[in-house]
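**Student:** Numbering of the sequence shown is given in UniProt numbering, commencing with residue 1 and proceeding in unit increments. Beta carbons are placed, not taken as given, at the ideal position from N, Cα and C, and that holds for glycine.
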Amino acid sequence: MIRGFCNGGQICEAENLLREMEEKGCSPNGWTYNTIIRGFINNNETSTGVRLIQEMVERGFSADASTIELIVNLLSKDRVDATLLAFIERP
Numbered sequence: 001m002i003r004g005f006c007n008g009g010q011i012c013e014a015e016n017l018l019r020e021m022e023e024k025g026c027s028p029n030g031w032t033y034n035t036i037i038r039g040f041i042n043n044n045e046t047s048t049g050v051r052l053i054q055e056m057v058e059r060g061f062s063a064d065a066s067t068i069e070l071i072v073n074l075l076s077k078d079r080v081d082a083t084l085l086a087f088i089e090r091p
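1) Which residues bound the alpha helix (DSSP H) around Cys6?
2) Which same chain residues, not among the five before or five after Leu70, have their C-beta less than 8 Å away from its C-beta?
3) Applying the criterion that 16 or more other CB atoms from any shown protein chain within 10 Å of the CB defines a buried residue, is Ala65 buried or exposed?
4) Between Gly60, Met1, Ile2 and Cys12, which lies nearest to Asn44 when the distance is taken from Cα to Cα?
Laid out in structure tokens, this is it:
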């Protein structure tokens with residue numbers, strides 16, 4: 001469902017579903033996060049995408065190849081904001 005929302009441009013609904021899943025005890029995985037992050041980035045909501053990357057890492061998920069690809073794509077498209085730079089520069 002999350003992927004369907006993201007593919008349909010309904011990224012806020014996708015994030016709402018993520019939060020509802022969490023409330024009901026269903027923890028998201030890296031794939032779920034990457035799907036929503038990609039949706040926000042593809043809809044020019046870079047700051048929200050970066051916020052979710054940070055949340056994902058804070059919850060113990062490693063930035064996998066898909067996450068790194070998202071970050072590289074942002075950098076290559078000059079869609080860099082202060083939040084992304086702060087995340088990349090983090091020790």
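**Tutor:** Here's the rundown:
1) Element bounds for Cys6: Ile2 to Asn7.
2) Here the set comprises Asn34, Ile37, Arg38, Ile41, Gly49 and Ile53.
3) Exposed is the call here.
4) Answer by Cα proximity: Cys12.
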